[in-house]
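Listed in order, the protein sequences are those of chains U and P.
All residue numbers for the first sequence refer to my numbering, where the first residue is 9 and numbers rise by one.
All residue numbers for the second sequence refer to my numbering, where the first residue is 35 and numbers rise by one.
Glycine residues also receive a C-beta, built at the ideal position from the N, C-alpha and C atoms.
Working notes, structure below.
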Amino acid sequence: MSEVTANQHPISMYLKVWLLLFVLSSFSYMVDIFQLQGVLRWTLILIFMFLKAGLIIAVFMHVAWERMALKLILFIPPIAILVFIALMGIEANYVFLNRLLVFITP
Amino acid sequence: MNGNDSDSENVWQSAVSDWSADKQILSMSWGKLMMWIFLLSDTFIFSIFLIGYMSVRMSTTESWPMTSEVFALTIAGHHIPLILIAIMTFILITSSGTMAMAVNFAYQGKKKTAVYLLLLTALLGISFVGMQAFEWTKLIVEEGVRPWSNPMGAAQFGASFFMITGFHGLHVSAGVILLLVVAKRIHQGRYDKKGFQIVEITGLYWHFVDLVWVFIFAFFYLW
């Protein structure tokens, strides 16, 4: 139970994670400062984003010390979001191609 | 299934007894569980906003405005791209750190430290909303961005921007109010007997607001 674990963690752990989040945010900001483009830019943005999100969820929100029953509730439903992203990606691509055909063809 | 009255009654009785049986699936208080359920539903809401943004950005034939230029500021003669958003990101991360420590100190029974940390978290939240108000004002008044048009490129930019950051800003504002209420109640000694799980529950909400910002920062501002 988190009631037990929550006060077992030393404050230093939170400070370390905080520092790590600072560093990761600086890295993602650097991606923009250095004007990285294309696949490299997108990959780096996603890597830093997932690392930051993972740290916040696991440590700050204490999910790492929660029981499996809760983790399942939290992580199974968002799979639907991934499916939705894929569907809308295909749809948006289709709309874009049609707009090109209709707007550009005289 | 069958028309027999007593049989159908048994079927319903069994369903009722199953659902009302004194069983607990998750070993946590209802308050914390309900916060998690709420956060899960909120995840879907923000995902839908971001997916909507993805759709309009992918399907527009006009060029998308350069966010690093739109959100640049000139500070002391230096033109720095995206600087305000970077500062806002650091502020929100810091507030998450102070929140996590507030939870820890509250469970240790150090009420005073917890209250101060909660107030600091709220203060950081207020400064975040303040910067967002500044950003909105700059975009609306100086740059002429509207939900239906803007001078920089694709018209869908304004709608996505105001919807996503506006909804996130509302979440931060609600979080600030929640933090202040909880801090006041701890100070009054309302949780001395009940225990301090309320701080952890408030913390879950606050970290979630920070979490959403991580995704908005990546997809809206950096992409």
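- Item | Contacts of Val103/U in chain P (Cβ-Cβ under 7 angstroms) | Ser93
- Go through the region 73–134 of chain P residue by residue and report every complete run of the beta strand (DSSP E) that reaches 3 residues or more, in order. 107–109 and 112–114
- Message: At the 9 angstroms Cβ level, is Trp26/U part of the contact set with chain P, yes or no?
- Response: yes
- Using a Cβ-Cβ cut-off of 9 angstroms, state whether Met88/P counts as contacting chain U. yes
- Item | Nearest residue (CA-CA) to Ile93/U, options Phe83/P, Phe105/P, Ile160/P and Ala136/P | Phe83/P
- Task: Measuring only between beta-carbons, confirm whether Phe56/U sits less than 9 angstroms from chain P.
- Result: yes
- DSSP-derived helix/strand/coil call for Glu169/P: helix
- Residues in the region 236–250 of chain P with C-beta within 7 angstroms of chain U's C-beta atoms, listed in sequence order? Leu238, His241, Asp244, Leu245, Val248 and Phe249
- Message: Which residues in chain P have a C-beta closer than 9 angstroms to the C-beta of Ile93/U? List them in chain order.
- Response: Ser81, Leu84, Ile85 and Met88
- Query: Contact between the region 115–126 of chain P and the region 29–48 of chain U: three or more CB pairs below 8 angstroms?
  - Reply: In short, these stretches touch, since the Cβ pair count reaches three.
- Using a Cβ-Cβ cut-off of 8 angstroms (strictly less than) and excluding sequence neighbours within five positions of Leu67/P, which residues of its own chain qualify? Leu60
- Task: Output yes if chain U places a C-beta closer than 9 angstroms to the C-beta of Tyr150/P; else output no.
- Result: Under the Cβ criterion of 9 angstroms, Tyr150/P is not counted among the residues facing chain U.
- Message: Counting only beta-carbon separations shorter than 9 angstroms, does Glu234/P have a partner in chain U?
- Response: Yes, contact with chain U.
- Task: Using three-state DSSP, classify Lys178/P as helix, strand or coil.
- Result: Residue 178/P is actually Gly in this sequence, not Lys. Residue state, collapsed to three classes: coil.
- Please confirm whether Phe254/P and Val206/P have their CB atoms less than 9 angstroms apart. With contacts defined as CB atoms closer than 9 angstroms, Phe254/P and Val206/P fail to qualify as a contacting pair.
- Item | Residues, ordered as in the chain, of the region 49–63 of chain P that lie near chain U by beta-carbon distance below 8 angstroms | Ile59, Leu60, Ser61 and Met62
- Task: Enumerate, from N- to C-terminal direction, the unbroken alpha helix (DSSP H) stretches of 4 or more residues contained entirely within the region 182–253 of chain P.
- Result: Here the runs fully enclosed are 190–222 and 231–250.
- How far does the alpha helix (DSSP H) with Arg107/U in it reach, from first residue to last? Ile87 to Ile112
- In the structure shown, what three-state DSSP assignment does Gln47/P receive? helix
- Would the beta-carbon of Ile71/P be found less than 8 angstroms away from any heavy atom of the ligand FMN? The model depicted lacks the ligand FMN and carries no ligand whatsoever.
- For Ala55/P, which of helix, strand or coil comes out of DSSP? DSSP places Ala55/P in coil when its eight states are reduced to three.
- Query: Phe242/P: which of Glu103/P, Asp76/P and Ser194/P sits nearest, CA to CA?
  - Reply: Asp76/P
- Message: Quick check on Gly143/P: does DSSP put it in helix, strand or coil?
- Response: coil
- Starting from the Cα of Leu32/U, find the closest Cα among Pro18/U, Gly62/U, His17/U and Met69/U and give me that residue. Gly62/U
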